[in-house]
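Okay, structure first, notes after.
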Amino acid sequence: SKAAKINWSAWVRPVNTNPIRFAACLVENGVGNSAVFYDYVYNTTNGLKADNTWQFVKFTIDISKPVGGTLPISFDGVGNENGDDGIYVWVGNHPGAPESEFYIDDIRIYPQNAFVTTMYYDSRHGKPIASVDANSRCG
27 SKAAKINWSA WVRPVNTNPI RFAACLVENG VGNSAVFYDY VYNTTNGLKA
77 DNTWQFVKFT IDISKPVGGT LPISFDGVGN ENGDDGIYVW VGNHPGAPES
127 EFYIDDIRIY PQNAFVTTMY YDSRHGKPIA SVDANSRCG
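The opening residue of the sequence shown carries number 27 in this note's numbering; numbering runs sequentially from there.
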């Protein structure tokens with residue numbers, strides 16, 4: 027819905043201190059609208075350390091409050107039978123900024139009040155070996 031809040035989380039291992047950008051733009055009727063976007067930049071101000079360690083990043087975006095642009099009145103946040111309304115997401119380098127080098131793992135994007143469990147499986151036997159909750163705690 028338009029009032030939804032979406033949690034993002036990931037484990038990142040930066041190689042340098044250049045910012046890592048987590049971004050999204052609106053998709054309505056199957057067409058991306060890059061004028062309406064959401065943005066979170068993980069940098070040294072909010073915790074980025076280039077010490078070759080894995081760091082947990084978690085933040086929330088409010089669909090009703092894009093960083094850029096204005097949410098169109100026509101956007102109801104409800105997908106149709108074609109599933110062509112929603113948010114397009116990406117993680118990468120901040121445009122115009124020095125190139126970021128990083129590893130990323132365990133990316134999660136989910137509604138703020140959702141119960142989330144991620145299961146990890148043994149690739150050889152197909153059996154679950156661990157589960158992790160929305161706060162990356164083993165369950």
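For each residue, glycine too, the CB sits at the ideal point set by N, CA and C.
For residue i, the three-state DSSP class (helix, strand or coil)
i: Asn44; result: coil
i: Thr70; result: helix
i: Ser126; result: coil
i: Val63; result: As written in the sequence, residue 63 is Phe, which differs from the Val given in the question. It is a strand residue.
Buried or exposed (CB count within 10 angstroms, at least 16 for buried), residue i
i: Phe141; result: exposed
i: Asn44; result: buried
i: Val62; result: buried
i: Ser126; result: buried
i: Ala50; result: buried
i: Tyr68; result: buried
Spatial neighbours of residue i in its chain, beta-carbon cut-off 8 Å, leaving aside the 5 residues before and after
i: Thr86; result: Lys31, Ile32, Asn33, Trp34, Gln138
Other residues of its chain near residue i: CB distance less than 6 Å, five sequence neighbours each side excluded
i: Gln81; result: Val38
Beta-bridge pairing of residue i - partner residues as DSSP gives them
i: Cys39; result: It should be pointed out that residue 39 corresponds to Arg in this sequence rather than to Cys. Answer is Tyr129.
i: Asn33; result: Thr86, Tyr136
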